[in-house]
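K.L.:
Residues in the sequence shown are numbered from 11 upward in steps of one, following the numbering used here.
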Amino acid sequence: MKHLFTPYEIKGLSLKNRVVMPPMCQYSVTNKDGIANDWHYTHYVSRAVGGTGLIIIEMTDVEPDGRISDYDLGLWSDEQIPALARIIEASHQHGAKVGIQIAHAGRKAEDADVPVAPSAIPFDEKSKTPRALTTQEVEEMVEKFRLAVRRAVQAGVDTIELHGAHGYLIHQFVSPLTNKRTDKYGQDLTLFGKEVIKAAKSEMPADMPLIMRISAREYVEGGYGIHDSIAFAKEFQKAGVDIFHISAGGEGQIAAAGRPGTHAAYQVPLARAIREALNVPVIAVGRLDEPILANSVIGNEDADLVAVGRGMLRNPHWVLEAATVLHKEIDLPRQYAFGFPKV
């Protein structure tokens with residue numbers, strides 16, 4: 011029976027275990043230049059030391075006004091590559107594989123003077139009203155995603171994740187709540203996402219898997235549900251997605267907002283539904299911080315990989331602790347071995 015510490019392989023990506031550190035924004039860029047700094051280095055490399063199989067670097071944006079805040083990472087410039095390459099190289103030295111989440115915040119770009127979106131619909135009453143992108147600008151946005159993926163590959167990543175969840179730009183195009191366009195990107199709500207996927211694949215090595223994070227359900231009146239997300243995920247799978255990272259909601263109008271979100275593993279049924287409907291590998295995420303619970307998600311074949319977010323923010327060595335709890339053998343850093351009981 012498979013478990014949390016069973017190795018996993020897909021295409022050219024080989025993971026020593028099935029634990030994923032999901033992308034979690036640090037809002038820690040110091041000069042508003044999108045360049046990773048010593049905080050990011052310590053943050054990610056410590057999780058590699060702590061035994062994580064796959065680290066996905068936080069939401070990294072394709073243009074300055076695509077950031078949630080001016081303190082987010084970016085990959086719109088070659089100057090941003092070396093700092094990320096340093097993190098990736100060091101993480102590799104400790105046995106972790108590294109991905110990066112490429113994204114654009116769309117109407118949720120809080121520090122943009124005028125955010126952009128599929129349609130001129132504000133996120134909420136406190137947010138700026140975005141400007142609707144022209145058809146040409148949407149096509150140019152696809153190119154910005156492509157170039158960001160190119161830079162990520164140059165930095166040495168092992169996989170790419172596209173952010174199609176949580177009310178950000180790709181999600182905004184796929185949601186009928188936020189896409190009221192009449193051009194080709196409104197006639198086919200999946201078109202922008204499919205074009206971004208194909209652009210990303212054109213820059214990735216053939217054996218590098220592409221991950222896409224999606225919100226499988228919108229917890230808001232009039233929002234889409236699991237049957238709708240299965241339908242658009244099939245389109246994204248045909249376009250080239252190899253793994254889906256299954257989340258839900260977002261914030262504000264497109265939100266879980268605590269519904270349900272208050273109990274452990276509340277998103278696992280969504281991951282299982284996508285996995286079964288598409289026969290595709292999935293990453294489960296959402297309140298899976300307890301090792302026994304995370305292990306059961308793998309053992310019960312609900313998902314292929316498990317993302318542990320808040321648990322890793324609290325404990326960079328979550329994986330080492332989980333191995334102890336589950337009585338699994340793991341390669342401990344020799345410097346820490348005295349602190350852990352022998353299995």
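Just so it is clear, CB atoms sit at the ideal spot from N, CA and C, and this is done for glycine as well.
Everything numeric in this text was worked out from a predicted model, so none of it was measured.
(1) Would the beta-carbon of residue 249 fall within 7 Å of that of residue 194?
(2) So, is residue 89 buried or exposed, given that buried needs 16 or more other C-beta atoms within 10 angstroms?
(3) Using 8 Å as the Cβ pair cut-off and three pairs as the minimum, do the stretch 48–58 and the stretch 79–98 touch?
(4) Answer with buried or exposed for residue 11, where buried requires no fewer than 16 other C-beta atoms within 10 angstroms of its C-beta.
(5) Determine the direct distance from the alpha carbon of residue 297 to that of residue 366, and round the result to whole angstroms.
(6) Excluding the five sequence neighbours on either side, which residues of its own chain have a C-beta within less than 6 Å of the C-beta of residue 317, listed in chain order?
(7) Kindly indicate the opening and closing residues of the alpha helix (DSSP H) around residue 174.
(8) Which residue from 138, 103, 201, 106 puts its Cα closest to that of residue 151?
(9) Would you please state the rounded distance, in angstroms, between the beta carbons of residue 159 and residue 214? I believe it to be under 8 Å.
(10) With a threshold of 6 Å on Cβ separation, who are the neighbours of residue 326 within its own chain once the five nearest residues in sequence on each side are excluded?
(11) Between which two residues does the alpha helix (DSSP H) containing residue 309 stretch?
(12) Run through DSSP, which three-state label would residue 71 get?
(13) Distance check for residue 280 and residue 227, CA to CA, integer angstroms please.
(14) Within this structure, are the beta carbons of residue 221 and residue 169 separated by less than 7 Å?
(15) Quick one: measure Cβ to Cβ for residue 180 and residue 206, integer angstroms, because I've assumed they're closer than 8 Å.
(16) Quick one: give me the first and last residue of the beta strand (DSSP E) that residue 207 is part of.
(17) Helix, strand or coil for residue 257? Go by DSSP, reduced to three states.
(18) Tell me which same chain residues have a C-beta within less than 6 Å of the C-beta of residue 108, skipping the five on either side of it?
(19) Candidates 197, 177, 212: which alpha carbon is nearest residue 233's?
(20) Label residue 37 either buried or exposed according to how many other C-beta atoms from any shown protein chain fall within 10 Å of its C-beta, with 16 as the threshold for buried.
(21) Any idea what DSSP makes of residue 84, helix, strand or coil?
(22) Tell me whether residue 180 sits in a helix, a strand or coil according to DSSP, three-state version.
(23) Would you mind stating whether residue 138 and residue 125 have Cβ atoms separated by less than 7 Å?
(24) Can you give me the start and stop residues for the beta strand (DSSP E) that residue 19 sits inside?
(25) Whole angstroms are fine: how far does the CA of residue 188 sit from the CA of residue 235?
(26) Nearest by alpha-carbon distance to residue 19: which of 73, 123, 219, 116 is it?
(27) Could you spell out the range, first to last residue, of the beta strand (DSSP E) harbouring residue 97?
(28) Using 7 Å as the threshold, is the C-beta distance between residue 79 and residue 135 below it?
(29) At the level of alpha carbons, what is the spacing between residue 141 and residue 352?
(30) From what residue to what residue does the beta strand (DSSP E) around residue 295 run?
(31) Once you ignore the five residues that flank residue 175 on each side, which residues in its own chain have a CB closer than 6 Å to its CB?
(32) Could you tell me whether the Cβ atoms of residue 155 and residue 72 are closer together than 7 Å?
(33) Using the Cα positions of residue 340 and residue 27, report the straight-line distance between them to the nearest angstrom.
(34) CB-CB under 6 Å to residue 161, same chain, minus the five flanking residues each way: which ones, in chain order?
(35) Could you check how far apart the C-beta atoms of residue 144 and residue 329 are, in whole angstroms? I think they sit under 8 Å.
P.N.:
Once the coordinates are examined:
(1) One-based indexing of the sequence shown puts residue 249 at position 239. One-based indexing of the sequence shown puts residue 194 at position 184. Not closer than 7 Å, so no.
(2) Numbered from 1 along the sequence shown, position 79 holds the residue referred to as residue 89. It is exposed - the Cβ of residue 89 has fewer than 16 other Cβ atoms within 10 Å.
(3) yes
(4) Counted from its first residue, the sequence shown places residue 11 at position 1. The residue in question, residue 11, is exposed, as its Cβ has fewer than 16 Cβ neighbours within 10 Å.
(5) Outside the shown range of the chain, which is 11 to 353, sits residue 366, and nothing can be said about it.
(6) The residue you call residue 317 lines up with position 307 of the sequence shown. 30, 32, 293, 295.
(7) One-based indexing of the sequence shown puts residue 174 at position 164. From DSSP, residue 174 is part of no alpha helix (DSSP H) but of the beta strand (DSSP E) over 169–174.
(8) Here residue 151 refers to the residue found at position 141 of the sequence shown. Nearest of 138, 103, 201, 106 to residue 151, Cα basis: 201.
(9) Taking the sequence shown and counting its residues from 1, the one referred to as residue 159 is at position 149. Taking the sequence shown and counting its residues from 1, the one referred to as residue 214 is at position 204. With a Cβ gap of about 7 Å, residue 159 and residue 214 count as contacting.
(10) For the purposes of this step, residue 326 is identified with residue 316 of the sequence shown, where counting begins at 1. Correct list, in chain order: 56, 57, 60.
(11) Position 299 of the sequence shown, counting from 1, holds the residue named residue 309. Taken as a continuous stretch (DSSP letters only), the alpha helix (DSSP H) holding residue 309 covers 301–309.
(12) By 1-based counting over the sequence shown, the position of residue 71 is 61. For residue 71, the secondary structure class from DSSP, reduced to helix, strand or coil, is strand.
(13) For the purposes of this step, residue 227 is identified with residue 217 of the sequence shown, where counting begins at 1. For the purposes of this step, residue 280 is identified with residue 270 of the sequence shown, where counting begins at 1. Their Cα atoms are separated by approximately 8 Å.
(14) To locate residue 221, count along the sequence shown from 1; it is residue 211. To locate residue 169, count along the sequence shown from 1; it is residue 159. Result yes, Cβ atoms of residue 221 and residue 169 sit closer than 7 Å.
(15) Numbered from 1 along the sequence shown, position 170 holds the residue referred to as residue 180. Numbered from 1 along the sequence shown, position 196 holds the residue referred to as residue 206. 6 Å between Cβ atoms; contact.
(16) On the sequence shown, residue 207 is found 197 positions in, with the first residue counted as 1. Not the beta strand (DSSP E): residue 207 falls in the alpha helix (DSSP H), residues 201–213.
(17) Locating residue 257 in the sequence shown gives position 247, where the first residue counts as 1. Looking at residue 257 - three-state DSSP - the assignment turns out to be strand.
(18) By 1-based counting over the sequence shown, the position of residue 108 is 98. So the list reads 65, 98, 101, 167, 168, once near-sequence residues are dropped.
(19) If you number the sequence shown from 1, residue 233 lands on position 223. Of 197, 177, 212, the residue nearest in Cα terms is 177.
(20) If you number the sequence shown from 1, residue 37 lands on position 27. Residue environment analysis places residue 37 among the exposed positions, since fewer than 16 neighbouring C-beta atoms fall within 10 angstroms of its C-beta.
(21) Residue numbering aside, residue 84 sits at position 74 when the sequence shown is read from its first letter. Here residue 84 sits in strand by DSSP.
(22) Within the sequence shown, numbered from 1, the residue matching residue 180 stands at position 170. Looking at residue 180 - three-state DSSP - the assignment turns out to be helix.
(23) The sequence position of residue 138 within the sequence shown is 128, counting from 1. The sequence position of residue 125 within the sequence shown is 115, counting from 1. By the CB criterion at 7 Å, residue 138 and residue 125 fall inside the cutoff.
(24) For the purposes of this step, residue 19 is taken as the residue at position 9 of the sequence shown. First-last of the beta strand (DSSP E) with residue 19: 18–20.
(25) Translated into positions along the sequence shown, residue 235 becomes position 225. Translated into positions along the sequence shown, residue 188 becomes position 178. Rounded to the nearest angstrom, the two C-alpha atoms are 15 Å apart.
(26) If you number the sequence shown from 1, residue 19 lands on position 9. Residue 19 has its Cα closest to that of 219, out of 73, 123, 219, 116.
(27) Taking the sequence shown and counting its residues from 1, one reaches residue 97 at position 87. Counting along the chain, residue 97 falls outside any beta strand (DSSP E), though it belongs to the alpha helix (DSSP H) covering 91–103.
(28) Working through the sequence shown from its first residue, we reach residue 79 at position 69. Working through the sequence shown from its first residue, we reach residue 135 at position 125. The answer is no: Cβ separation not under 7 Å.
(29) By one-based count along the sequence shown, residue 141 stands at place 131. By one-based count along the sequence shown, residue 352 stands at place 342. Cα to Cα, residue 141 sits roughly 59 Å from residue 352.
(30) Numbered from 1 along the sequence shown, position 285 holds the residue referred to as residue 295. Taken as a continuous stretch (DSSP letters only), the beta strand (DSSP E) holding residue 295 covers 292–295.
(31) On the sequence shown, position 165 is the one that residue 175 refers to. So the list reads 181, 223, 224, 225, 257, once near-sequence residues are dropped.
(32) As a first step, residue 155 must be located in the sequence shown, where it is residue number 145. As a first step, residue 72 must be located in the sequence shown, where it is residue number 62. Yes, the pair counts as a contact, with Cβ atoms nearer than the cut-off.
(33) Taking the first residue of the sequence shown as position 1, residue 340 is located at position 330. Taking the first residue of the sequence shown as position 1, residue 27 is located at position 17. Whole-angstrom Cα-Cα distance: 9 Å.
(34) In the sequence shown, residue 161 corresponds to position 151, counting from 1. Hits under 6 Å: 85, 91.
(35) Working through the sequence shown from its first residue, we reach residue 144 at position 134. Working through the sequence shown from its first residue, we reach residue 329 at position 319. 46 Å between Cβ atoms; not a contact.
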